[in-house]
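To start, the structure itself, in structure tokens.
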Amino acid sequence: MVRTCDTLILSDVHLGSDVSRAEEAMEVLEGVDFRQLILLGDIFSGLDFARLKRQHWDFLSCIRRLSNPKQRRTIVWVEGNHDHGLSQLMSHMVGVPVYQRYVWEYAGKRHLAVHGHQFDRFINRNILLSRFFEGFYEMSQRMDGEEQRMSRWFDRFSTRWLRLTDKVAEGALAYAKDGHADRVFCGHTHEAMQRTEGSIEYFNSGCWTDTRATFLTIDRKGVQIHEYQPGTVYRDPGKERIEAPAFAAELVGETGLSGYRGYGSIRC
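In this text, residue positions in the sequence shown follow our numbering: the first is 29, and each later residue adds one.
Here is the structure:
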């Protein structure tokens, strides 16, 4: 159980999808006392706003409230492949900056957050086929039962078949090494995990579309993967939030993300 942390990271909420667990994700956002929130991509499932349900709009309203300067929090949205085309709109709608990659320093370590689709060779090389699978996945959600068992099974199966978990981890670790980062964070694969290569740590935040919903926290003790537990009370009302600066760092690499010497984070 987590009550406070410096940075909270969650990804792949897929608002607009029938498998989105937006209401539970909002419970975590309102229950954990954090200084910085990183929405690590694929917060939306697509461009069709007609598919957004009441709880999906409530999630966006929650982000809007958290981004209020009086909250003394930093809210960052890192663009995912499903968010593409919505970045500027979302920046104005919920009042948060959107990045292609986000870099900061904390506790003497350089941290890098990027959604992870940049390391997914299949969708980058097979755009039309990827869109076909996305369409099939959406159709299966409409045909599926209330618990969305078939849709969630298809999502897990495609991840294993494409070996996304390993490929994204390998690409992210290589990218972090080129940029002299100590930790790198991704989403995209829908599978939470941790891997270490040399001195570099890799973490995946998982997703909020499966029966196992996960998120990451960072504090002075390190990085932890948490699984959402219904009905858990996280907040410690006696602990005050302390505002601390986060410094951008420089990263370079070849992943389709332009590298500008002297800059780490890239705004959309």
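The beta carbon of each residue, even a glycine, is placed where N, CA and C say it ideally should be.
Is G226 helix, strand or coil when you go by DSSP?
Here G226 sits in coil by DSSP.
To the nearest angstrom, how far is it from the Cα of M118 to the Cα of R63?
Cα to Cα, M118 sits roughly 21 Å from R63.
Find out if the Cβ-Cβ distance for the pair P201, I228 is shorter than 8 Å.
Before going further, note that residue 201 is Leu rather than Pro in the sequence given. Yes, these two residues count as a Cβ contact at 8 Å.
Should the stretch 83–102 be regarded as contacting the stretch 235–254, the criterion being three or more beta carbon pairs within less than 8 Å?
Touching, no.
Is DSSP giving Y262 helix, strand or coil here?
Confidence is the limiting factor: at Y262 the pLDDT is only 49, short of 50, which leaves the residue's position unreliable, though a coordinate-based value still follows. If DSSP states are grouped into helix, strand and coil, Y262 belongs with coil.
Going by DSSP in three states, R129 sits in which element: helix, strand or coil?
Per DSSP, reduced to three states, the secondary structure at R129 is strand.
Quick check on Q257: does DSSP put it in helix, strand or coil?
Residue state, collapsed to three classes: coil.
Can you tell which of V131, A50, I66, V56 has the C-alpha that lies nearest to the C-alpha of Q83?
By alpha-carbon distance to Q83, the top candidate from V131, A50, I66, V56 is A50.
Check the C-beta distance from Y230 over to R223 and give it rounded, since I have them as a contact under 8 Å.
Taking C-beta atoms under 8 Å as the contact rule, Y230 and R223 qualify, at a distance of about 5 Å.
Compute the beta-carbon to beta-carbon distance between R129 and V104, rounded to the nearest angstrom, for a pair I have assumed lies under 8 Å.
About 11 Å; that fails the 8 Å criterion.
Could you name the residues that DSSP lists as bridge partners for D247?
In DSSP, D247 forms a bridge with G250.
First through last residue of the alpha helix (DSSP H) which encompasses F87
Per DSSP, F87 belongs to the alpha helix (DSSP H) from 82–94.
Can you say whether H208 is buried or exposed, counting buried as having 16 or more other CB atoms within 10 angstroms of its CB?
The residue is exposed, with fewer than 16 neighbouring Cβ atoms inside 10 Å.
What residues in its chain sit with their C-beta under 6 Å from that of V212, if we drop five residues either side in the sequence?
Hits under 6 Å: L140, A200, A204, Y230.
Helix or strand or just coil, what does DSSP make of T35?
It is a strand residue.
So, using beta-carbon positions, are N297 and T245 closer together than 8 Å?
Past the boundaries of the shown model lies residue 297; the chain is included only from 29 to 296, so the question cannot be answered.
Under the rule that 16 or more other beta-carbon atoms within 10 Å means buried, what is M54, buried or exposed?
It is buried - the Cβ of M54 has at least 16 other Cβ atoms within 10 Å.
Comparing C-alpha positions only, which one of E58, V30, L75, S48 sits nearest to S115?
Selected option, being the one with the closest Cα: L75.
Own chain, CB closer than 8 Å to V30, minus 5 neighbours either side, in chain order:
Here the set comprises V60, T245, Q252, H254, Y262.
Just curious, the beta strand (DSSP E) that L65 is in, first and last residue?
L65 -> beta strand (DSSP E) spans 61–67.
Can you tell me which residues form a DSSP beta bridge with A141?
BP columns for A141 point to Y130, F213.
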